[in-house]
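Here the working numbering runs 1 ahead of the position in the sequence shown, where the first position is 1. All C-beta atoms, glycine included, are put in the ideal place defined by N, C-alpha and C. Since this is a predicted model, take the numbers as computed values, not measurements.
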Amino acid sequence: MADHDVIIIGAGFAGLYQLYKLRELGFDAHIFEAGPEVGGTWYWNRYPGARCDIESIEYSYSFDPELQQSWNWTERYAAQPELLAYARHVADRYHLRPDISFETKVVALDFDDATTEWTVTTDSGARTSATFVIAATGCLSKPLEFSFDGQDDFTGDIFWTWNWPADGADLADKRVAVVGTGSSGVQTITAIAPVVGALTVFQRTPPYAVPAQNRPIAEELAEVKQHYPQFRDISRLSRGGAQCGEGLTLPPFFGDLDSDAARAELGRRWGDGGLCFQQSFYDLLLDAEANETAAQYVRDRIRQKVTDPKLAEKLTPRSYPIAAKRLCVDTGYYEVYNQDNVTLVDLNEEPLRRVTARGILAGDTEYEFDAIVLATGFDAMTGALNAIDIRAADHDGVIRTLREKWADGPRTYLGLMSAGFPNLFTVTGPQSPSVLSNMLTSIEYHVEWISAALVHLREHGLSRMEADPAAEDNWVNITNDTADLTLLPQAASWYMGANVPGKRRVFLPFVAGVGVYKQIGDGVAVADYHGFEMS
């Protein structure tokens, strides 16, 4: 008999809710968490300036009305300390910690076809059995640990944004380099520029950054709390799992607007701030002209913000469609470059050759630093799963690993299961809306869908569930075909795995939206879990 009904991997927002939900339903569930605390992404990413790019009012749980009413967010976009405090509060409020093993990293999963059980092996060598495993491993939890030539020679301090010292780092008045200008880099650069002595940013590809328009939200939150259930219902049916202030009203099509109206719409969205800028036009990621109009609007804004025209040009993205890489939400990023202590190095003009004892050699110039900050990103969506040695034997006893199966890109049904690996579920896995959506909306949907499926199995005396290969093939085709209808594959983004050397470029999320995905998932469940084999 298995040690547990369910092992959950990860104590981030997905794992915590999954544990709460299964305990409420009478399952024996336990979490293995690699870190020493709950929070997942929001435990590890504690670099200066770290904050969410989804509004706090929506980036929060909806499963308990009392929790919604009692927790008070202070800012429109919560910073990392507040998000971590929220995760800790949830763990304590629902007494989840007794069912969490901290500092316990899962390194291997082995499925026994005869017993219909998974053996879960941790980094200590301990083994635990469970009928089901739910991977709540997070989409951005496997960092890219680039090792630059000469890195060990550097005599100063090297910091990674994904593993910032828990007690902080004293960068005041120091010469600091930041390598990378994705979201982590943009936030770090903005936060440390006022306090360091000199800041040098090494940029390969400039990002599109839109203003957060961050602010205190006490009055706004109080108003939403009066109708939170209705507010959440709308978010669950929206394209991105968040309302963007419009409810379920569709954005205008670019072709329906003249040039003045289009620019006015872009100006309105810019003034509102945040990722909803990409909702300026319904077809922003479908129509090249619509996309270029939005991109040019942002380029104009960059030129207005950066006083040096040559520097503004280097900070202006042109090589990919806007929103084909994740937009950055900034709190004064471009204005940083007007400071006398900030320098930009364009790695297209001066390639980063190596780290030296004194700093970084880029092109023919050696730049000297006291500290180097590496904001080099993540192996998104599949990285955390592929870091675990996941094995399952088929009915003929042939063992296959998930890494082998996914060598040319992930293969799932609904982003929930992968054929050949029974009783293994993924929360917000590849080929679900996940990173293209408000993660909390998608997390809650997956947790509730998986929990309902486990109840269905229990009520029918079943113990095994697996994706049907034909259903999986169809879903992979749907995911790829819908992505190909958009401009998204035109960027070398982490959505495509393009930031990971040697990784096959395949568009990883499901692009049709949260509302469409929910209708499909609900329909599959109502149709007796069509496309899944149960026994």
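Residue environment, residue i, which counts as buried when at least 16 other CB atoms sit within 10 Å
{"i": "M2", "result": "exposed"}
{"i": "V7", "result": "buried"}
{"i": "V527", "result": "exposed"}
{"i": "F147", "result": "exposed"}
{"i": "G503", "result": "exposed"}
{"i": "R216", "result": "exposed"}
{"i": "P166", "result": "exposed"}
{"i": "P37", "result": "exposed"}
{"i": "P99", "result": "exposed"}
{"i": "Q19", "result": "buried"}
{"i": "L251", "result": "exposed"}
{"i": "K311", "result": "exposed"}
{"i": "Q227", "result": "exposed"}
{"i": "L345", "result": "buried"}
{"i": "T49", "result": "Looking at the sequence shown, residue 49 is not Thr but Pro. Counting Cβ neighbours within 10 Å, P49 comes out buried, since at least 16 surround it."}
{"i": "Q244", "result": "buried"}
{"i": "P510", "result": "buried"}
{"i": "E445", "result": "buried"}
{"i": "T156", "result": "exposed"}
{"i": "G198", "result": "exposed"}
{"i": "T138", "result": "buried"}
Residue i versus residue j - alpha carbon distance
{"i": "T429", "j": "I400", "result": "26 Å"}
{"i": "L375", "j": "D168", "result": "18 Å"}
{"i": "T162", "j": "G421", "result": "36 Å"}
{"i": "W43", "j": "L85", "result": "6 Å"}
{"i": "I9", "j": "L316", "result": "42 Å"}
{"i": "T402", "j": "A388", "result": "12 Å"}
{"i": "D154", "j": "Y338", "result": "29 Å"}
{"i": "I1", "j": "Y334", "result": "Given that the chain is displayed from residue 2 to residue 536, the structure contains no residue 1 and the question cannot be resolved."}
{"i": "Y298", "j": "F255", "result": "14 Å"}
{"i": "T120", "j": "R47", "result": "33 Å"}
{"i": "T480", "j": "Y496", "result": "13 Å"}
{"i": "N73", "j": "S102", "result": "29 Å"}
{"i": "E34", "j": "G13", "result": "9 Å"}
{"i": "E104", "j": "N500", "result": "28 Å"}
{"i": "V436", "j": "T75", "result": "24 Å"}
{"i": "P195", "j": "E293", "result": "33 Å"}
{"i": "R269", "j": "A295", "result": "12 Å"}
{"i": "K143", "j": "A381", "result": "7 Å"}
{"i": "L362", "j": "L200", "result": "16 Å"}
{"i": "A324", "j": "N424", "result": "35 Å"}
{"i": "A170", "j": "D158", "result": "10 Å"}
{"i": "E67", "j": "L258", "result": "44 Å"}
{"i": "A313", "j": "P490", "result": "27 Å"}
{"i": "T116", "j": "Y62", "result": "36 Å"}
Beta-carbon separation (whole angstroms), residue i vs residue j, contact threshold 8 Å
{"i": "G275", "j": "Q188", "result": "In fact, because the Cβ distance is near 14 Å, the residues do not count as touching under 8 Å."}
{"i": "T129", "j": "D4", "result": "5 Å"}
{"i": "G241", "j": "S71", "result": "That pair is no contact at about 27 Å."}
{"i": "Y229", "j": "Q69", "result": "5 Å"}
{"i": "P253", "j": "Y283", "result": "7 Å"}
{"i": "T123", "j": "V108", "result": "6 Å"}
{"i": "A178", "j": "G360", "result": "7 Å"}
{"i": "A79", "j": "R52", "result": "6 Å"}
{"i": "L267", "j": "L249", "result": "Their Cβ separation, rounded to whole angstroms, is 22 Å, which puts L267 and L249 out of contact at 8 Å."}
{"i": "P208", "j": "K326", "result": "7 Å"}
For the pair the stretch 182–195 and the stretch 386–406, tell me if three or more CB-CB distances fall below 8 Å.
no
Complete beta strand (DSSP E) runs within the stretch 142–204 (minimum length 3 residues, chain order)
158–161, 176–180, 199–204
Residue ranges of each alpha helix (DSSP H) run of no fewer than 4 residues wholly in the stretch 205–244, ordered along the chain?
219–226, 229–238
Could you tell me which uninterrupted alpha helix (DSSP H) segments, each at least 4 residues in length, are contained entirely in the stretch 254–340, listed from first to last along the chain?
260–273, 289–306, 310–315
So does the stretch 87–94 actually touch the stretch 357–375, counting three or more Cβ pairs closer than 8 Å?
no
Within the stretch 444–486, ranges of the alpha helix (DSSP H) (whole runs, at least 4 residues):
Fully enclosed alpha helix (DSSP H) runs of 4 or longer: 470–485.
Under 8 Å, with one C-beta from each stretch per pair, do the stretch 504–523 and the stretch 402–416 reach the 3-pair mark?
yes
Contact the stretch 482–493 vs the stretch 276–291: 3+ CB pairs below 8 Å:
Judged by Cβ distances under 8 Å, the stretch 482–493 makes contact with the stretch 276–291, as three or more pairs qualify.
Please list the segments of the alpha helix (DSSP H) lying wholly inside the stretch 484–529, counting only runs of 4 or more residues, in order along the chain.
515–527
Contact between the stretch 459–472 and the stretch 350–360 is defined here as three or more beta-carbon pairs at a separation below 8 Å; is this criterion met?
no
May I have a chain-ordered list of the beta strand (DSSP E) segments no shorter than 3 residues that lie completely inside the stretch 68–118?
107–113
At what residue ranges does the stretch 371–404 contain a whole run of the alpha helix (DSSP H), taking only runs of 4 or more?
384–387
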